[in-house]
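Enquirer:
Chains as they are written, first to last, in the numbering used here: chain A, 1 to 379; chain B, 380 to 758.
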């Protein structure tokens, strides 16, 4: 059976990107590779919407999350962790590993953080040095209001806003410079349509100031080393050469499409998928705060999401992601990032309809597909 | 012009490996990928010559060097750094970053460390908790006597032997279990014939004990996390999926060839290359302690190695590496690792002969090639 990977990371990689990465290796300390590295850095600036340097790390996304903490903070500092899912929770784990205190603001899974609540916490805790948050929480499909949160931090020089944009950057606009984000992180295996293995990170001038006072130890993840080398179009340690070659192919593709059209594709796929499922009674888990990077759909009352996921795999070769922890068995998650398009969304809705039909779930078969189709036709 | 990458990392990647990595992405939290990850781990054990778990990190080699320090030591501990080149020097930099004291034993570039000298240092400094050394120092082409050094540490439980085998593991035998190494590190872009982006690391039971007492902070590079997940055939953070797929293709290739034949190929390529160059008066920089992973050749008196390197690139499309720091302009470095074979060695010797001829360097043209050929014919 043909397989359709529809998970929100890793995502399907276009053939032209795979073939670019399959080209003969280039030595990294050559003018030829420096040009490639430079081009990638410039292209990333556009997607990060910044004039700051975007550094390319040979790690997966968590490596850059670690670097964001270990390069800017000190043992005993206090941060505010916005924990509305598995990746929000990870911020706390990283703080703990580095002896950084954190106030954990728990947000109900499927809901976005309330900016007002952050404001209150900041008022009560003047010592908070960083807000740690996700632009798009992959475990719940929620988009947190980064633009609004940034308003609380960008006129203060004693606090930075650190944004895990791994499932956001390239999927929808996260305006680093304009909003006043201090650290933004991206990952290769998401909207960048590459395999996992690269992380991207950019720092504001304020965040770079924080690095000067940070005494947490780091070496491989030392961002000042990465920065100094990035200005010379290289990296301090051996870069993941072929991945960077592939990255350029993706960035060129973005350029050709126009970034606004890349974002628009995600928006329409998201709208079609969530509304398609809603039309047959399956709720959008992140209703009202939906990240357009992925759809997180609740399985109907009495039906285990695991059975839907299993059915999709066995009957249609479709791989979607399930829920983690408290959401296990309750949701399934579908990517809009990566090399997926209209037909993939139609297929997965049709697949779920087929499975629900067999389960005698009451609905008008075909409604999901036709609802989605109408929206997809606007693309 | 056709390009021939002959640098000692990155090395040429076989087409079948590139194509394996160009296969459709697999989600990492699936039974299918767990099987791939498991197979890779088992294959690595053979190359590492160990029954211990070999962990796969999504970093380049330096990430694993960092992890070796940050997972086993404490601020204020003392180590012995064997610094006989750029990578030996790096051990000291990592220690410094983590507040670990180190006694730096400087070894002349091109020479192997004297075991007797290490013994004396250990006698005088009972507080040394780790010896940090390279099995093969890529900047000089030297093989350090790991087996002999291990005899100084493997009957003591208060000191570990940490070996950077990035340019050694897979190139020649580094017998983890038999010799009693405590930490051994490998890298994808060397004898494993992959692009850069993966590091491999294994720890002895003694080294795992050290991790229990280490209070240096780490998160992305936390080896206990990697270990726990490795036992479940996965990694704590998103693994570099396609690289691991490629790794399996290489490990299968090693299996088919027989590891002893892989090692033998490197030995013969090394012997042919060094003796070929010697026969026209170009010295082996690492004479008497030659790593078979690469040849490091001195340019003749009065000839800048940079001119040879430039000539190889411009006239023959061959990319070899130059010397760094004190060796700049004095040496050039040729890989025996990766997808290179007899003809590549013949070509590079012929290329250098051609360049030297033009420079009116006095020698019997063809001697280098014919000397090497005779040795290569024994393969």
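By construction, the Cβ of each residue, glycine as well, lies at the ideal position given by its N, Cα and C atoms.
Treat the numbers as computed from the prediction; the structure is a model and nothing was measured.
#1: Could you pull the start and end residues of the beta strand (DSSP E) that residue 298 of chain A belongs to?
#2: For the segment 492-521 of chain B, list the beta strand (DSSP E) runs that are entirely contained and at least 3 residues long, ordered along the chain.
#3: Can the beta-carbon of residue 470 of chain B be found less than 7 Å from the beta-carbon of residue 531 of chain B?
#4: So the candidates are B/636, B/663, B/481; which of them puts its Cα closest to the Cα of residue 650 of chain B?
#5: For residue 26 of chain A, count neighbouring Cβ atoms within 10 angstroms of its own Cβ and tell me buried if that reaches 16, exposed if not.
#6: Please state the DSSP three-state secondary structure of residue 264 of chain A.
#7: So which of A/193, A/212, A/184, A/214 has the shortest CA-CA distance to residue 200 of chain A?
#8: Can you look up residue 537 of chain B in the DSSP assignment and give me helix, strand or coil?
#9: Quick one: using the 10 Å Cβ neighbour count with 16 as the cut-off for buried, is residue 751 of chain B buried or exposed?
#10: If I measure Cβ to Cβ from residue 109 of chain A and keep anything under 7 Å in the same chain, skipping five residues before and after, which residues do I get?
#11: Output needed in chain order: residues of the segment 487-515 of chain B with a Cβ under 9 Å from some Cβ in chain A.
#12: For residue 736 of chain B, I'd like the list of residues in its chain whose CB is within less than 7 Å of its CB, leaving aside the five on either flank, ordered along the chain.
#13: When the Cα of residue 504 of chain B is compared with those of B/624, B/459, B/607, which residue comes out closest?
#14: On the criterion of 16 or more Cβ atoms from any shown chain inside 10 Å, does residue 621 of chain B qualify as buried, or is it exposed?
#15: If contact means a Cβ-Cβ distance below 8 Å, which residues of the segment 457-481 of chain B contact chain A?
#16: Under 7 Å between beta-carbons, which chain A residues line up against residue 445 of chain B? List them in chain order, please.
#17: Using the beta-carbon of each residue, which ones in chain A are nearer than 7 Å to residue 568 of chain B?
#18: Quick one, which of A/255, A/75, A/194 has its alpha-carbon nearest residue 387 of chain A's?
#19: Pull up the distance between the alpha-carbon of residue 577 of chain B and that of residue 10 of chain A, whole angstroms please.
#20: Is it buried or exposed, residue 619 of chain B, if we count other Cβ atoms within 10 angstroms and call 16 or more buried?
#21: On the three-state DSSP scale, how would you describe residue 174 of chain A?
#22: Across the segment 630-640 of chain B and the segment 591-603 of chain B, are there enough close Cβ pairs to call them in contact, namely three or more that are closer than 8 Å?
#23: Go to residue 480 of chain B, then tell me how far its beta strand (DSSP E) extends in each direction, as first and last residue.
#24: First and last residue of the alpha helix (DSSP H) that includes residue 688 of chain B?
#25: Using a Cβ-Cβ cut-off of 7 Å, state whether residue 752 of chain B counts as contacting chain A.
#26: Return helix, strand or coil for residue 469 of chain B, following the three-state DSSP convention.
#27: Give the DSSP-derived three-state secondary structure of residue 4 of chain A in the structure shown.
#28: Could you tell me the distance, in whole angstroms, from the CA atom of residue 269 of chain A to the CA atom of residue 134 of chain A?
#29: What runs of the beta strand (DSSP E), each 3 residues or longer, lie entirely inside the segment 197-237 of chain A?
#30: Closer than 6 Å by C-beta to residue 192 of chain A: which residues in its own chain qualify, once you throw out the five before and the five after it? Chain order, please.
#31: Using a beta-carbon distance cut-off of less than 8 Å, what residues from the segment 637-666 of chain B approach chain A?
#32: Measure from the alpha carbon of residue 288 of chain A to the alpha carbon of each residue in A/112, A/103, A/89, A/207, then state which is nearest.
#33: Helix, strand or coil: which one does DSSP assign to residue 50 of chain A?
#34: Kindly indicate the opening and closing residues of the beta strand (DSSP E) around residue 356 of chain A.
#35: Leaving out the 5 sequence neighbours to the left and right, which residues in its chain are closer than 8 Å to residue 303 of chain A when beta-carbon positions are compared?
#36: Sort out for me which residues DSSP pairs residue 700 of chain B with in a bridge.
Expert: The short version:
#1: 294-298
#2: 507-513
#3: no
#4: B/663
#5: buried
#6: helix
#7: A/184
#8: coil
#9: Per the 10 Å Cβ criterion, buried.
#10: Contacts found: 84, 85, 140, 326, 327.
#11: Listed by position, the residues of the segment 487-515 of chain B near chain A (Cβ gap below 9 Å) amount to none.
#12: 744
#13: B/459
#14: buried
#15: 472, 473, 476, 477, 478
#16: 219, 220
#17: 238
#18: Outside the displayed range of chain A (1 to 379) lies residue 387 of chain A, so it cannot be described from this structure.
#19: 17 Å
#20: buried
#21: coil
#22: no
#23: 480-485
#24: Unbroken alpha helix (DSSP H) run through residue 688 of chain B: 684-695.
#25: It does not: the Cβ of residue 752 of chain B has no partner Cβ on chain A nearer than 7 Å.
#26: helix
#27: Of the three classes helix, strand and coil, the one that applies to residue 4 of chain A here is strand, per DSSP.
#28: 21 Å
#29: 199-203
#30: Excluding residues within five positions, the ones whose Cβ falls inside 6 Å are 170, 250.
#31: none
#32: A/112
#33: coil
#34: No beta strand (DSSP E) contains residue 356 of chain A, which is instead part of the alpha helix (DSSP H) from 342-358.
#35: Its chain contains 356, 359, 361 as the residues whose beta carbon lies nearer than 8 Å to that of residue 303 of chain A, once the 5 sequence neighbours on both sides are disregarded; these appear in chain order.
#36: B/712
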